[in-house]
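Using our numbering, read the sequence shown as starting at -6 and increasing by one per residue. From the three backbone atoms N, C-alpha and C, an ideal C-beta is built for every residue, glycine too.
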Amino acid sequence: MVLQPTLLITIDGPAGAGKTTVSKMLAREMGYRYLDTGALYRAVAYEVRAAGIRPDDDSGLESICDHLRLSLEENRLVSNGIDISDRIRSPEISMLASAVSARPVVRQALLDIQRKIGRDGGLVAEGRDMGTVVFPEADLKFFLDATVRQRALRRYEQYDKGNGQTLEQIEHDIRCRDENDSSRDIAPLKPADDAVNIDSTTMTARQVVDLMMARVRELLELP
Ligand code: DC
-6 MVLQPTLLIT IDGPAGAGKT TVSKMLAREM GYRYLDTGAL YRAVAYEVRA AGIRPDDDSG
54 LESICDHLRL SLEENRLVSN GIDISDRIRS PEISMLASAV SARPVVRQAL LDIQRKIGRD
114 GGLVAEGRDM GTVVFPEADL KFFLDATVRQ RALRRYEQYD KGNGQTLEQI EHDIRCRDEN
174 DSSRDIAPLK PADDAVNIDS TTMTARQVVD LMMARVRELL ELP
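Below, the structure written as structure tokens:
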């Protein structure tokens, strides 16, 4: 159902809150494009690892960002000609993405890319700073959260019973990333003042999307 071709909808929140599942469902229902901005930070992390530089080496990061050729289509992420979609979801890349995402040089480079993608609207964009920094003028902003335990459980189930990690390790990693992502100076994870806050701890993805669709209808004054 294409309700309105030009809305820009943002979904922010911590790791494991269900952003990806919900964003994809919402985008599909509205006939919109979907942007996973975490994947962009993961691509930088992947290149940092491949280049063997430290995540706080700003001149190395600048060079990586300058040469970064990213394309994100049909959920496949191609970086500098290589499809890295299946290589960016490991625990190591998750932590490295969180580390490089605190560096201003990386955030600035990705800011331009994200704004270009969002320019024409008709987009559901998920991340940490969509509603606060990248798209402060978005039409509708959501902040999706859940308890740490519930988020760890979801990751555990999602990655084939942990992908070699125990539930406790996943919970520990999530706590570390929450701390990194929320305490950094630049674009920290936090709800925008005008965001609709949703606690998904006891909700299914369907229930969350229904709630979001109700907000969309309200905004567009649809029955
Ligand atoms: O959503 P994700 O788990 O794929 O994101 C990976 C990391 O990227 C996350 O720990 C913080 C960073 N990130 C960010 O700083 N800003 C965004 N808009 C999206 C992700």
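- If one requires a minimum length of 4 residues, the alpha helix (DSSP H) runs lying completely within the stretch 138 to 169 are 141 to 151, in chain order.
- Look at residue 85 here: in three-state DSSP terms it is helix.
- The ligand DC has a heavy atom closer than 8 angstroms to the beta-carbon of residue 34.
- Secondary structure at residue 11: coil, using DSSP grouped into helix, strand and coil.
- Considering only 24, 142 and 72, the residue with the shortest C-alpha distance to residue 38 is 72.
- Remark: the shortest separation between the CB of residue 111 and any heavy atom of the ligand DC does not fall under 8 angstroms.
- Beta bridge pairing from DSSP links residue 26 with 116.
- Proximity of the stretch 158 to 165 to the stretch 106 to 117 falls short of the contact definition, fewer than three beta-carbon pairs being nearer than 8 angstroms.
- Contact between the stretch 73 to 89 and the stretch 135 to 150 is absent: fewer than three C-beta pairs spanning the two stretches fall below 8 angstroms.
- Residue 148 has its alpha-carbon roughly 15 angstroms from the corresponding atom of residue 197.
- With fewer than three CB-CB distances shorter than 8 angstroms, the stretch 122 to 135 does not count as touching the stretch 51 to 59.
- Taking all protein chains shown into account, residue 193 has 16 or more neighbouring C-beta atoms within 10 Å of its C-beta and is therefore buried.
- Residue 16 sits buried, since 16 or more C-beta atoms from the chains shown fall within 10 Å of its C-beta.
- Residue 102 sits away from residue 30, with the two beta carbons spaced by 9 angstroms or more.
- Residue 66 is bridged by DSSP to 69.
- Of the other Cβ atoms in all chains shown, fewer than 16 fall within 10 Å of the Cβ of residue 179; this residue is therefore exposed.
- Straight-line spacing of the CA atoms in residue 23 and residue 214 works out to 15 angstroms.
- Put simply, the backbone Cα of residue 166 is about 17 angstroms away from that of residue 177.
- Residue 209 places its beta carbon 9 angstroms or farther from that of residue 134.
- If you draw a 10 Å sphere on the C-beta of residue 175, you find fewer than 16 other C-beta atoms in it, and that means exposed.
- Distance between residue 97 and residue 151, taken at the CA atoms: about 31 angstroms.
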